[in-house]
Amino acid sequence: MTITPATHAISINPATGEQLSVLPWAGADDIENALQLVAAGFRDWRETNIDYRAEKLRDIGKALRARSEEMAQMITREMGKPINQARAEVAKSANLCDWYAEHGPAMLKAEPTLVENQQAVIEYRPLGTILAIMPWNFPLWQVMRGAVPIILAGNGYLLKHAPNVMGCAQLIAQVFKDAGIPQGVYGWLNAHNDGVSQMIKDSRIAAVTVTGSVRAGAAIGAQAGAALKKCVLELGGSDPFIVLNDADLELAVKAAIAGRYQNTGQVCAAAKRFIIEEGIASAFTERFVAAAAALKMGDPHDEDNALGPMARFDLRDKLHHQVEKTLAQGARLLLGGEKMAGAGNYYPPTVLANVTPEMTVFREEVFGPVAAITIAKDAEHALELANDSEFGLSATIFTTDETQARQMAARLECGGVFINGYCASDARVAFGGVKKSGFGRELSHFGLHEFCNIQTVWKDRI
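Residue numbers for the sequence shown follow full-length UniProt numbering, so the first one is 1 and each next one is one higher.
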């Protein structure tokens, strides 16, 4: 049989170009079997008590730690994440299990209302099995930050993972098995687009959660809407990183480097558009370029390297096209900007200056190690530039004027604002966006409640 992306999911090591594995797409019978399994699993799981489910989350965390190096190595092999960052992803995911085990049960307790004599309460009931369509860039964390609260709430979780990280998908499933999670509570299958459509239409799927591109989110969201099913979408971003004249320059540059080049720039909530007030622009740019040039790129298994290869060869081609198009539009190349020769899928840290709002890297999401610098006349202009985007995931403001920072935060059109620090998803706070960055929230109590039946129970109302 000829193996092509039309017939199989193909995992390729982006550092070497070596084919790691192939897995045939699930057929209609495979999907039906999976749906039967998760339907049965949910029926039993919803009847378990919250303390038991919380304890199983701790077991998942323990199982993940037991396979931590195996998981980190798999992440690095399949999508090129530098090994130290892969290890950090595993540790963060295990800690998430413990956090929800500790704090989640209280978040699911019945809430009192303002109805007299405490006759009405709000209960958080399980909703059903949730179909999760997840990406490759954080192949463990993206799965866990949805699966953990979903399962704690008494729901089932069915994963369709990105085709280039099937090894990660298999290993995650093994972790849940190691933890003693009953069969059918957590499941996964290698579904293609037709299979996803089949599952969304099926009554055994209660809702859908998607992390991915705007195009994927729009397509899946439309199908979920047609089936009248709830959908949470965490999509792309083109996050502004604002630096005002009074900012701590050293701190701003340090955060800018981390915020842009973590995970080789392949982060939806990465800083992408650097909007710098003109009084500090020259000094910031000089230091930022020097710091970016000092980043080591190479074999992601080498602990000294801060950048690895990009995860897929087609994505590097797209990124380079965006850079070339922006340069043709009048931007200035300060660093990088060339595809690296050799078998690996490397693209160097790249910095573009003189970027204006009509240019490609300002208007589009740039998913790779490319930073775009735009100069703002003043704080008001910086705010206008920041909001001049179809995306609205997160934003950063660097200034020593806390009052001004909070006033600007109130006017930024995005789901999260970080003052004197760069964006990160954290179990303790909600994560999600507005505009074409999606809707709904993950993490914190907001993420836990997203896939609950929020039920009013009112006694003696006559």
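Each residue gets a CB set at the ideal place from its N, CA and C atoms; glycine is no exception.
> Hey, isoleucine 242 and isoleucine 200: beta-carbon distance below 7 Å or not?
Replying inline: Taking 7 Å as the Cβ cut-off, isoleucine 242 and isoleucine 200 do not qualify as a contacting pair.
> To which residues of the same chain is methionine 144 closer than 7 Å at the C-beta, ignoring the five residues directly before and after it?
Replying inline: Here the set comprises Ser93, Leu96.
>> Here's the rule I'm using: 16 or more other beta-carbon atoms within 10 Å means buried, otherwise exposed. How should valine 90 be labelled?
In response: Counting Cβ neighbours within 10 Å, valine 90 comes out buried, since at least 16 surround it.
> If you follow the beta strand (DSSP E) that proline 24 is part of, which residue opens it and which one closes it?
Replying inline: Unbroken beta strand (DSSP E) run through proline 24: 19-24.
>> Quick check for students: name the residue ranges of the alpha helix (DSSP H) that lie wholly in the region 226-274, counting only runs of 4 or more.
In response: Note on the region 226-274: whole alpha helix (DSSP H) runs with a minimum of 4 residues are 249-261, in chain order.
>> Could you tell me the alpha carbon to alpha carbon distance between alanine 290 and proline 357, rounded to whole angstroms?
In response: Here the C-alpha atom of alanine 290 lies approximately 25 Å from the C-alpha atom of proline 357.
>> Tell me the rounded alpha-carbon separation between aspartate 401 and isoleucine 60.
In response: Computed Cα separation, rounded: 43 Å.
> How many angstroms separate the CA atom of leucine 131 from the CA atom of tyrosine 157?
Replying inline: Going by the C-alpha atoms only, they are around 6 Å apart.
> Alpha carbon to alpha carbon, how far is asparagine 84 from tryptophan 99?
Replying inline: Roughly 22 Å separates the two Cα atoms.
> Going straight from the alpha carbon of alanine 72 to that of alanine 86, what length do you get?
Replying inline: Spanning the alpha carbons of alanine 72 and alanine 86 requires a straight line of approximately 5 Å.
>> Among the candidates Val185, Phe42, Pro240, Leu171, whose CA atom is the shortest distance from the CA of glutamate 69?
In response: Looking at the Cα atoms, Leu171 is the closest of the given residues.
>> Going by DSSP in three states, isoleucine 83 sits in which element: helix, strand or coil?
In response: DSSP places isoleucine 83 in helix when its eight states are reduced to three.
>> Check whether the region 380-392 and the region 215-233 touch, using three or more Cβ-Cβ pairs below 8 Å as the test.
In response: Two segments are said to touch when three or more pairs of C-beta atoms, one from each, lie closer than 8 Å; by this definition the region 380-392 does not touch the region 215-233.
> What are the start and end residues of each continuous beta strand (DSSP E) run of 3 or more residues lying completely inside the region 162-208, in chain order?
Replying inline: Along the region 162-208, the beta strand (DSSP E) occurs as fully enclosed runs of 3 or more residues at 186-188, listed in sequence order.
>> Output needed for alanine 359: all residues of its chain with C-beta closer than 7 Å, excluding positions within five of it in sequence on either side, in chain order.
In response: Before going on, a small fix: residue 359 reads as methionine here, not alanine. These residues qualify, in order along the chain: Thr326, Gln329, Ala331.
> Rounded C-beta distance between asparagine 345 and phenylalanine 313? I'm assuming under 8 Å.
Replying inline: Correct: roughly 5 Å between the Cβ atoms.
> Using a Cβ-Cβ cut-off of 6 Å (strictly less than) and excluding sequence neighbours within five positions of lysine 272, which residues of its own chain qualify?
Replying inline: Excluding residues within five positions, the ones whose Cβ falls inside 6 Å are Ser238, Asp239, Val366.
> The alpha helix (DSSP H) with glycine 432 in it runs from where to where?
Replying inline: No alpha helix (DSSP H) contains glycine 432, which DSSP labels as neither H nor E.
> Where do the ends of the alpha helix (DSSP H) carrying phenylalanine 42 lie?
Replying inline: Where phenylalanine 42 is concerned, the enclosing alpha helix (DSSP H) stretches over 28-45.
> Closest by CA to alanine 26, which one among Gly195, Lys459, Arg363, Gly421?
Replying inline: Ranking Gly195, Lys459, Arg363, Gly421 by Cα distance to alanine 26 puts Gly195 first.
> Any idea what DSSP makes of glutamine 73, helix, strand or coil?
Replying inline: Helix at glutamine 73.
>> With distance defined between alpha-carbon atoms, name the residue in Asp248, Lys177, Val355, Glu303 nearest to alanine 88.
In response: Closest by alpha carbon: Glu303.
> Hey, glycine 104 and leucine 448 are a contact pair by Cβ (cut 8 Å); roughly how many whole angstroms apart?
Replying inline: The Cβ separation is near 6 Å, so the contact holds.
> How should serine 203 be labelled, buried or exposed, when 16 other C-beta atoms within 10 angstroms of its C-beta is the threshold for buried?
Replying inline: Counting Cβ neighbours within 10 Å, serine 203 comes out exposed, since fewer than 16 surround it.
> What three-state label does DSSP hand asparagine 453 in the structure shown?
Replying inline: Judged by DSSP in its simplified three-state form, asparagine 453 adopts strand.
> Of all the options Ile419, Ala258, Ala162, which has the alpha carbon lying nearest to the alpha carbon of proline 5?
Replying inline: For the options Ile419, Ala258, Ala162, the alpha carbon positioned closest to that of proline 5 is the one of Ala162.
>> Taking 8 Å as the limit between beta carbons, can you name the residues of its chain near alanine 66, skipping five residues before and five after?
In response: Asp178.
> Rounded C-beta distance between valine 429 and leucine 412? I'm assuming under 8 Å.
Replying inline: Their Cβ separation, rounded to whole angstroms, is 16 Å, which puts valine 429 and leucine 412 out of contact at 8 Å.
> Given that a residue counts as buried once 16 or more other Cβ atoms are within 10 Å of its Cβ, and exposed if not, what is proline 24?
Replying inline: Residue burial is scored here from C-beta neighbours: proline 24 has fewer than 16 other C-beta atoms within 10 angstroms and is therefore classed as exposed.
> In three-state DSSP terms, what is glutamate 277?
Replying inline: Glutamate 277: strand per DSSP, three-state reduction.
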